[in-house]
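Residue numbers (my numbering): 197 to 435. Don't be surprised by glycine CBs; every beta carbon is placed ideally from N, CA and C. Model, not experiment: these values are computed from the prediction. In what follows, a structure is listed as structure tokens, so that the remarks can point back to it.
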Amino acid sequence: MRNQHGYACHRQHPDTSNDPEKNVKRSTILGMLISTVLYILISVVAMGAMSQSELASSTAPISDIIVKVLNLKSLNFLNIAIAISILGTAMGWLLSTARVGYAAGEDGIFPSVFAKVHPKYNTPHVALIIGSIFINIIFLMNFTKGLAGAYSFIVVLATLSYLPIYAISTIAEIILMVKEDKKPTFKKHLGLIIRCLIGFAFAIWAIYASGAEIVMYGFILILLGVPIYGYMSIKKHFR
Numbered sequence: 197m198r199n200q201h202g203y204a205c206h207r208q209h210p211d212t213s214n215d216p217e218k219n220v221k222r223s224t225i226l227g228m229l230i231s232t233v234l235y236i237l238i239s240v241v242a243m244g245a246m247s248q249s250e251l252a253s254s255t256a257p258i259s260d261i262i263v264k265v266l267n268l269k270s271l272n273f274l275n276i277a278i279a280i281s282i283l284g285t286a287m288g289w290l291l292s293t294a295r296v297g298y299a300a301g302e303d304g305i306f307p308s309v310f311a312k313v314h315p316k317y318n319t320p321h322v323a324l325i326i327g328s329i330f331i332n333i334i335f336l337m338n339f340t341k342g343l344a345g346a347y348s349f350i351v352v353l354a355t356l357s358y359l360p361i362y363a364i365s366t367i368a369e370i371i372l373m374v375k376e377d378k379k380p381t382f383k384k385h386l387g388l389i390i391r392c393l394i395g396f397a398f399a400i401w402a403i404y405a406s407g408a409e410i411v412m413y414g415f416i417l418i419l420l421g422v423p424i425y426g427y428m429s430i431k432k433h434f435r
């Protein structure tokens, strides 16, 4: 699921895109199609390239599959490609994370310091710096598990942080439908209600499947946002 979030990055900063009404829609559809095709191809190739027992015992199944399919004698080229991919992904997510903090600062959800833009480079430099610091702190806190363990922890925790938003959004969709429709009926919007409830159930199941430790850390992250919400509410009250 985490891998599917990549094609949604562009939606976090449409104000910096050319013709966002057209390009955001196009990039969403193309990104979803490309990622879906890639994962289907990987699954199909995996079924024919290696046996189930080999896949189960492999510590790097994707690498082993590519080596067998392409008949590679060395993993050097593959490792370089993976490193470039990881670097590009990390840079993209780092910049996207800063845009989220910037948008929250502009909307008054986060302190206004997050909305500051660099006068020369026109980037949310404060949100970028603060986000980078927190990411590295979380990463170092789990480095005792090893590099792979720390990376896996960050990936699962980041995925979990999306799930409550997805769950809330599915119910919000039903509420918005009722508010915008002057004469809403259950039969009229049955399809939408079913889709939303399926999405809500999936989000809850995915949260449960993340494991008790990750859910605990996710709950702590939510609680860390409560003082910020209280501070912003008090600030608005005395404004």
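Residues in the same chain with beta-carbon distance under 8 Å from residue i, minus the five sequence neighbours each way, listed in chain order, please.
i      : result
Cys392 : Thr366, Ile367, Glu369, Ile370
Leu388 : Glu369, Ile370, Met373
Lys432 : Gly304
One question on the structure: do residue i and residue j come within less than 8 Å of each other, judged by their Cβ atoms?
i      : j      : result
Ala245 : Ile230 : no
Gly297 : Ile326 : yes
Gly304 : Phe310 : no
Ala242 : Leu251 : yes
Pro315 : Arg295 : no
Ile258 : Ile238 : yes
Ser328 : Leu290 : yes
Skipping 5 residues on each side, what residues in its chain have a beta carbon closer than 6 Å to that of residue i?
i      : result
Ala363 : Phe396, Ala399
Lys312 : Val322
His385 : Met373
Lys383 : none
Taking the C-alpha atoms as reference points, what is the distance between residue i and residue j?
i      : j      : result
Asn318 : Thr293 : 16 Å
Ile334 : Ser254 : 28 Å
Pro307 : Tyr358 : 21 Å
Ser374 : Gly421 : Before going further, note that residue 374 is Val rather than Ser in the sequence given. Taking the straight line from one Cα to the other gives about 30 Å.
Met412 : Asn267 : 44 Å
Ile390 : Thr381 : 14 Å
Ala279 : Met287 : 12 Å
Phe434 : Ala277 : 54 Å
Ser429 : Val263 : 56 Å
Trp401 : Ala408 : 13 Å
Gly414 : Tyr427 : 21 Å
Leu274 : Val240 : 20 Å
Ala405 : Val265 : 32 Å
Arg222 : Gln248 : 38 Å
Ile361 : Leu419 : 15 Å
Ile236 : Asn272 : 26 Å
Gly281 : Leu336 : Checking the sequence shown, residue 281 turns out to be Ser, not Gly. About 22 Å.
Asp377 : Ala256 : 51 Å
Tyr425 : Ala299 : 15 Å
Ile394 : Glu217 : 28 Å
Asp215 : Thr232 : 26 Å
Lys379 : Pro423 : 40 Å
Round the Cβ separation of residue i and residue j to the nearest angstrom and send it over; I've been treating them as touching at under 8 Å.
i      : j      : result
Leu356 : Ile403 : 7 Å
Ile410 : Leu353 : 6 Å
Output yes if chain D places a C-beta closer than 8 Å to the C-beta of residue i; else output no.
i      : result
Leu417 : The question asks about chain D, but that chain is absent: this structure has only one protein chain.
Exercise for review: Run through the region 260-305 for me and flag every whole alpha helix (DSSP H) of 4 or more residues, listed as ranges in chain order.
Suggested key: Restricting attention to alpha helix (DSSP H) runs no shorter than 4 residues, the region 260-305 encloses them at 272-302, ordered along the chain.
Point to revise | Every unbroken alpha helix (DSSP H) inside the region 311-377 [4 residues or more] | key: 321-337, 343-376, all fully within the region 311-377.
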